[in-house]
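Number of protein chains: 2
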Amino acid sequence: MSGKSDPKQRMLETASRLFYTQGYNATGINQILEESKVAKASLYQHFGSKDQLGIAYLQSAREEWFAGLDKWTFAKHAPKQKVLACIDFLEYALRMNDFRGCKFLNMLAEIADSSPLMRQQIIEHKAKLREYIKELVIRSLPSHSPEEADLIGDSVYLLFEGAIVESKIYKDTWPVKSVKKMIKNMLGE
Amino acid sequence: MSGKSDPKQRMLETASRLFYTQGYNATGINQILEESKVAKASLYQHFGSKDQLGIAYLQSAREEWFAGLDKWTFAKHAPKQKVLACIDFLEYALRMNDFRGCKFLNMLAEIADSSPLMRQQIIEHKAKLREYIKELVIRSLPSHSPEEADLIGDSVYLLFEGAIVESKIYKDTWPVKSVKKMIKNMLGE
DNA sequence: AAATATATAGACTGATTTGTCTATTACAAA
DNA sequence: TTTGTAATAGACAAATCAGTCTATATATTT
Numbered sequence: 001m002s003g004k005s006d007p008k009q010r011m012l013e014t015a016s017r018l019f020y021t022q023g024y025n026a027t028g029i030n031q032i033l034e035e036s037k038v039a040k041a042s043l044y045q046h047f048g049s050k051d052q053l054g055i056a057y058l059q060s061a062r063e064e065w066f067a068g069l070d071k072w073t074f075a076k077h078a079p080k081q082k083v084l085a086c087i088d089f090l091e092y093a094l095r096m097n098d099f100r101g102c103k104f105l106n107m108l109a110e111i112a113d114s115s116p117l118m119r120q121q122i123i124e125h126k127a128k129l130r131e132y133i134k135e136l137v138i139r140s141l142p143s144h145s146p147e148e149a150d151l152i153g154d155s156v157y158l159l160f161e162g163a164i165v166e167s168k169i170y171k172d173t174w175p176v177k178s179v180k181k182m183i184k185n186m187l188g189e
Numbered sequence: 190m191s192g193k194s195d196p197k198q199r200m201l202e203t204a205s206r207l208f209y210t211q212g213y214n215a216t217g218i219n220q221i222l223e224e225s226k227v228a229k230a231s232l233y234q235h236f237g238s239k240d241q242l243g244i245a246y247l248q249s250a251r252e253e254w255f256a257g258l259d260k261w262t263f264a265k266h267a268p269k270q271k272v273l274a275c276i277d278f279l280e281y282a283l284r285m286n287d288f289r290g291c292k293f294l295n296m297l298a299e300i301a302d303s304s305p306l307m308r309q310q311i312i313e314h315k316a317k318l319r320e321y322i323k324e325l326v327i328r329s330l331p332s333h334s335p336e337e338a339d340l341i342g343d344s345v346y347l348l349f350e351g352a353i354v355e356s357k358i359y360k361d362t363w364p365v366k367s368v369k370k371m372i373k374n375m376l377g378e
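These protein sequence lines are chains A and B, in that order.
To convert, note that position 176 of the first sequence is 176 in the working numbering; the numbers rise steadily by one, no gaps.
Add 189 to a position in the second sequence, counting from 1, and you land on the number used in the working numbering.
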């Protein structure tokens, strides 16, 4: 059960790397098996299908994402600073991943209507992120009306998402930097 | 050369439909040939490769997109109303396409680093859209400093893009509606 | 009518796809 | 030591992938 010798873990890590860098449809299970040095039967023993492996990939990506996000926001105390920490984490994560964008949005673009289960994973992840950000924004704006704070919360979330996809297009941090400035304005000086 | 009987046009239309609804990698050329009733040799005669067909798909999608955008903005005269018309066009287009999202972002997520030419098409399209919106926003805010207007222009663009991807996730118009409200605020009452 | 260009049908290649199956090996617990 | 579990290697299936090629047929133009 220790990392390197556990076939299931090895497979998931290799699949995660390949799905992200090459795309889900462009990655065959044979390549995953070769690079993780796992037998084909083991894949179907542990995951049952490529689709299920894709779901496991999204699940682990979600855990990783929120673990990172928590780490960055917990370092700050004021709600507004926590919101800005989300943006700083985003810039950090995008750089770390060479601007390959969001694992969930990339997958969503690939699967079309062929995997409702993966789609559900993606929706849940994004809905959770939306609530996460909205909660922080609302706490940053205690004097605003619920309607106003709600709108600003969604706007911060949509700017956040916009920054992800645009940084992937331009392979640059300008979208994140613009978004951070704009959010600072929206949350007040 | 009249529509239905022109193999090249027939192929491109069928490929566009299939690439968009099924994804680029998930669509084989054989399916395109069958559904467009075109011989395989004709495809390679006119396009040379599947990659080139993908590029032609993106080119025609760009023309279509800006033709639609122009139509909606030309109907308004005040710059601010033109910006809002962009959002209205977006909502119209997303609905029309059953919330399948942006053809360019979908493709970008699929090709990873396998097609620099397609990537270039995507970058050019988005850069053009960014300039289009920024120009309208700057004209909407004549009394703002260039730096402020520039930031708001990019923010509107990023909200616009965010609305596209989020409406695809949730298959709902709430992101577009939130973005329209927020942009109204940003451009002043 | 003859010549040229374009489209069609479809065989074929060689590689790859997901998934199943058999048979063998390694290891751990009883 | 025996028994049961998990991993391995790899053959195999049936389908599909992009792309090439030959041969035939249809139009258009000169």
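Glycine included, every Cβ here is placed at the ideal spot set by N, Cα and C.
Contact between the segment 190–209 of chain B and the segment 160–180 of chain A is absent, with fewer than three C-beta pairs closer than 8 Å.
By the Cβ criterion, the segment 273–281 of chain B is in contact with the segment 368–378 of chain B, since at least three pairs of Cβ atoms, one from each stretch, lie closer than 8 Å. In the three-state reduction of the DSSP assignment, Lys168/A falls in the helix class.
Looking at Gly68/A, Glu110/A and Phe19/A, the one whose alpha-carbon comes closest to that of Ala56/A is Phe19/A. Neighbourhood of Ile169/A in chain B, by CB distance below 7 Å: Leu297, Ile311, Ile312 and Lys315, in chain order.
Shortest Cα-Cα distance from Thr173/A to any of Asp113/A, Glu148/A, Tyr24/A and Arg100/A involves Arg100/A. Uninterrupted alpha helix (DSSP H) stretches at least 4 residues long and entirely within the segment 202–228 of chain B occur at 218–225, given in chain order. Exclusion of the five residues before and after Ile322/B leaves Val272, Cys275, Gly342, Val345, Tyr346 and Phe349 as the residues of its chain whose Cβ lies within less than 8 Å of its Cβ. Excluding sequence positions up to five before and after Thr262/B, its CB lies within less than 8 Å of the CB of Lys271, Ala274, Cys275, Phe278 and Leu325, all in the same chain and listed in chain order. In the three-state reduction of the DSSP assignment, Asn286/B falls in the coil class. For Tyr213/B and Glu280/B, the gap between their C-alpha atoms comes out near 24 Å. Among the residues of chain A, those whose CB is under 7 Å from the CB of Gly351/B are Leu158, Leu159, Glu161 and Gly162, following chain order.
Comparing C-alpha distances from Gly28/A to each of Asp6/A, Pro7/A and Gly54/A shows the shortest one belongs to Gly54/A.
Looking at the backbone, the Cα of Ala67/A and that of Leu58/A are separated by about 14 Å. When the five nearest sequence neighbours on each side are left out, no beta carbon in the same chain lies closer than 8 Å to the beta carbon of Ala127/A. Look at Pro331/B: its C-beta is not under 8 Å from any C-beta on chain A.
Contact with chain A is found for Pro364/B, since one of that chain's Cβ atoms lies less than 8 Å from the residue's Cβ.
Within the segment 218–279 of chain B, the complete alpha helix (DSSP H) segments of 4 residues or longer fall at 218–225, 229–235 and 239–263, listed in chain order. Taking Pro196/B as reference, the option from Ala215/B, Glu223/B and Val368/B with the minimal CA-CA separation is Glu223/B. Residue-level contact check: Asp88/A does not touch chain B, since none of the beta carbons of chain B fall below 8 Å from its beta carbon.
Within chain A, Leu151 and Ser155 have C-beta atoms less than 7 Å from the C-beta of Met371/B, given in sequence order.
Secondary structure at Asp6/A: coil, using DSSP grouped into helix, strand and coil. When 8 Å is used as the limit between beta carbons, Val354/B is near these residues of chain A: Leu105, Glu161, Gly162 and Val165, in chain order. For Asp339/B and Arg319/B, the gap between their C-alpha atoms comes out near 11 Å. Residue Lys226/B holds the alpha-carbon nearest to the alpha-carbon of Gln198/B among Lys226/B, Ala215/B and Gln220/B. A straight line joining the alpha-carbon of Arg119/A with that of His125/A spans about 10 Å.
Nearest CB-CB separation between Gly257/B and chain A: not below the 8 Å threshold.
When Cβ-Cβ separations below 8 Å define contact, Ala112/A makes contact with chain B. In the three-state reduction of the DSSP assignment, Asp113/A falls in the coil class.
Put simply, of Lys229/B, His235/B, Arg328/B and Ser231/B the residue whose alpha carbon is nearest the alpha carbon of Lys269/B is Arg328/B. Of all residues in the segment 3–33 of chain A, only Thr21, Gln22, Gly23, Asn25 and Ala26 come within less than 8 Å of chain B when Cβ atoms are compared, listed by chain position.
Residues of chain A with a Cβ closer than 7 Å to the Cβ of Val368/B are, in chain order, Leu158. Between the C-alpha atoms of Leu105/A and Asn295/B there is a straight-line separation of about 9 Å.
Interface residue (Cβ-Cβ distance to chain B less than 8 Å): Gly101/A is classified as such.
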